[in-house]
Every structure is written in structure tokens, then in C-alpha cells.
Amino acid sequence: MDKKSVNFKKLYYGFPVILISYYDENDVPNITTLSSSFTLTNMICLGIGNNSYALNQIKKVKDFVVNIPDRNLMKEMDICGYLSGNKSRKFELTGLTPVQSSIIKAPMIKECPISIECSLTNVTELEDFKGITTIFAAIKGRCVSTDLLDDEEHLIYSLLNPVLYVGDNANKTYRYTEKYKSDNSGSFI
Ligand SMILES: Cc1cc2nc3c(=O)[nH]c(=O)nc-3n(C[C@H](O)[C@H](O)[C@H](O)COP(=O)(O)O)c2cc1C
């Protein structure tokens, strides 16, 4: 494969769009859109810009939910990713429905097929990467739409339909996954 060195300032190679929901310190439910996340076992890690209202509230209230939207919620992803909770109540703006989690003090988004209930454990700001905060949280619970579960309560992997965030410094785009396409890892060797 011939490759060329490029001078992109960023290269987002396909991260699922997630909607973070929380109650702020005044108990107002709000939402922000992120794509920078990973999870391993019961830990989840998010990368958030320091000016984010969601970040500064979650540092205080600790509990939040990571919701995984699908293609039915494109406008909602944009609204929650282009307006700040500083000035906007994004549940009201989008018409999304907050549903109180039964195990943490945070609202889940009813319209998202997956909601992961989290509690903040660590906040990291590095000298080398000013302006970005990395937060770590413990996963307290996971709720999955019954449409995505088989009779044995396993995920129907090929029906999970996240939207990916892909881009460089010229543009950032949404990229769509295809339903009914999945293979087990390890099945190619
Ligand atoms: C698809 C998408 C993905 C985004 N991913 C991130 C991200 O990973 N980290 C981040 O800090 N901001 C991200 N943003 C930008 C924030 O959502 C945006 O700054 C938002 O206005 C912050 O809202 P808040 O102040 O209510 O937290 C993303 C925006 C979009 C539309």
C-alpha cells in the first residue's frame, strides 16, 4: 500500500457517537454529544474539552449515563453537539425523554437503544495536552433495548447500528454502519 505523509491536525478514524446525559447541580437534566470514548470491562473513559458544561457539571455531580444513539437520532446528535448546556436545556430542545436510572442519580435517554450507567472515579489533565480532560468512570449498570437482545439475553450483534464520527481537520462526518453484518472475532483464523 502506497502511503503519503499528511499534515492533518486531527484524524478521527471512526468513533461511535455517544450522548452523555446527567442532572446538573441544579437537578436540570441535560445532554452532550461526544465521540471520544473507550470501555474495558467495568471502566469507561471519555475525552472532553475543558470548556464543556457537561464536563464541569459531571465533575460535581459524579453520576452520568453514556447512551448509544442510532441513525434515527441524527438531528439530536447535532443539537447536543453544537449547543452548550451553559445556555441550553437540550432535553427540552430535542424532545428526548429523560428516564431516571434505578441505580445512579442520572437520567437515561429513552430513545437510545443502549444506556450505560456510570459514576465518575478519576479526572486527568495533562500538561502535554492542555484543554483536554480525560475522565474515568466505573460502570454501575447497563440497559439494552429488548429489540437488541436474543432469547438468552445476548446482544444481537448484527443489529447494533451505531453512527461513527470520522474526519480530519478539513471536515468531520457521520459514517453509517450496516445492519445484519457481523462476524465473530477469531472466526477468520
Ligand atoms: C458528533 C460529535 C462528536 C463530538 N465529540 C466530542 C468529543 O469527543 N469531545 C468533546 O469535548 N467534544 C465533542 N463534541 C463537541 C461537543 O459536543 C460540543 O462542544 C458541545 O457544545 C458541548 O456541550 P456542553 O457545553 O453542553 O458540554 C462533539 C460534537 C459532535 C457533533
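FYI, full-length UniProt numbering numbers position 115 of the sequence shown as 115, with every residue one higher than the one before it.
Glycine included, each C-beta is placed from N, C-alpha and C at the ideal position.
Quantities reported herein were computed from a predicted structural model and do not represent experimental measurements.
Stretch pair the segment 19 to 38 + the segment 93 to 102: three plus CB contacts closer than 8 Å: Taking one beta carbon from each stretch, the segment 19 to 38 and the segment 93 to 102 have 3 or more pairs nearer than 8 Å; the two touch.
Local Cβ density within 10 Å of K10, reported as buried at 16 or more and exposed below that: So K10 counts as exposed.
Any non-hydrogen atom of ligand 1 within 7 Å of Y165 CB: Y165 Cβ: within cutoff of ligand 1.
K60 (DSSP reduced to helix, strand or coil): Residue state, collapsed to three classes: helix.
Buried versus exposed call for D76 [16 or more other C-beta atoms within 10 Å across all chains shown]: Checking the sequence, you will find Glu at residue 76 rather than Asp. Buried.
Inter-residue CB distance, residue 202 and T94 (contact presumed, cutoff 8 Å): Limits of the chain in this structure are 1 at one end and 189 at the other, which puts residue 202 out of reach.
Per-residue DSSP class, three states only, for I135: Collapsing the DSSP output to three states places I135 in a strand.
Whole beta strand (DSSP E) elements within the UniProt domain "Flavin reductase like" (15 to 135), 3-residue minimum: The qualifying runs are 18 to 23, 29 to 34, 37 to 40, 43 to 49, 63 to 68, 98 to 100, 107 to 109, 114 to 125.
Touching by the beta-carbon criterion (3+ pairs, under 8 Å), the segment 168 to 181 and the segment 142 to 155: Contact fails between the segment 168 to 181 and the segment 142 to 155, because fewer than three Cβ pairs, one in each stretch, are under 8 Å apart.
Check: V28 C-beta below 7 Å from any heavy atom of ligand 1: Every heavy atom of ligand 1 is 7 Å or more from the Cβ of V28, so no.
Alpha carbon of A137 to alpha carbon of I189, nearest angstrom: One C-alpha to the other measures close to 35 Å.
S84 CB to nearest heavy atom of ligand 1 below 7 Å: Yes, the Cβ of S84 comes within 7 Å of a heavy atom of ligand 1.
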